[in-house]
Amino acid sequence: MPFVITEDCEISVLTEAGPALPLAATLLYSTDDPFAVSVLLRAGEMGDITWRFARDLLSQGVRYPAGDGDVHVWATGRGHHQQLRIRIRGAVDFSHDVEATLVFRSADVNQFLSRTYRLVTRGQEAIDFDRELSMLLAEG
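When we follow our numbering, the leftmost residue of the sequence shown carries the number 63, and every step to the right adds one.
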């Protein structure tokens, strides 16, 4: 049975369309996919939107700008006012392309990452390929 870690956050979303928008978000980590983290955005009328990317990318972005392709992560500010920004770009569904910057309090992200690394330390991530294959074959 997988273990799941969550961190609820109040974030701001920056887009080219206008001013920053406050939004509820949840950071998620599951031992089912120990290499990845997810950001669940509670986007009101659009419904929930989930972005999944490498846990190491999030961890690197806390220390220095990181990312390639659809997800980029970097820290801004100092001390109590430090923020972590996650730039996402890509298709949400077949009708919406999204490009936005998610602004988190760095303290929230650091707390979340600490909890994930206490559960599964870096370098100890593993996937049970036999179980994954069995599940795929069972789905037919």
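Built from N, CA and C at the ideal position, the CB exists for glycine as well.
Discussion item. Rounded to whole angstroms, what is the Cα-Cα separation between residue 139 and residue 147?
Written reply: Residue 139 sits at position 77 when you count from the first residue of the sequence shown. Residue 147 sits at position 85 when you count from the first residue of the sequence shown. Approximately 11 Å between the Cα atoms of the pair.
Worksheet item: From 87, 117, 162, pick the residue whose C-alpha is nearest to that of residue 80; which is it?
Response: In the sequence shown, the residue the question calls residue 80 occupies position 18. Out of 87, 117, 162, the CA that lies nearest to the CA of residue 80 is found in 162.
Item to complete: Can you say whether residue 117 is buried or exposed, counting buried as having 16 or more other CB atoms within 10 angstroms of its CB?
Response: What you label residue 117 is simply residue 55 of the sequence shown in a count that begins at 1. Buried: at least 16 other Cβ atoms inside 10 Å.
Fill in: Burial state of residue 168, where buried means 16 or more other Cβ atoms lie within 10 Å
As a working mapping, residue 168 is identified with position 106 in the sequence shown. Its Cβ being crowded by 16 or more others within 10 Å, residue 168 is buried.
Fill in: Spatial neighbours of residue 173 in its chain, beta-carbon cut-off 8 Å, leaving aside the 5 residues before and after
Counting from one through the sequence shown, the residue named residue 173 turns up at place 111. Taken in chain order, the residues that qualify are 69.
Item to complete: Measure the C-alpha to C-alpha separation of residue 74 and residue 85 and round it to an integer number of angstroms.
Response: The residue given as residue 74 occupies position 12 in the sequence shown. The residue given as residue 85 occupies position 23 in the sequence shown. About 6 Å.
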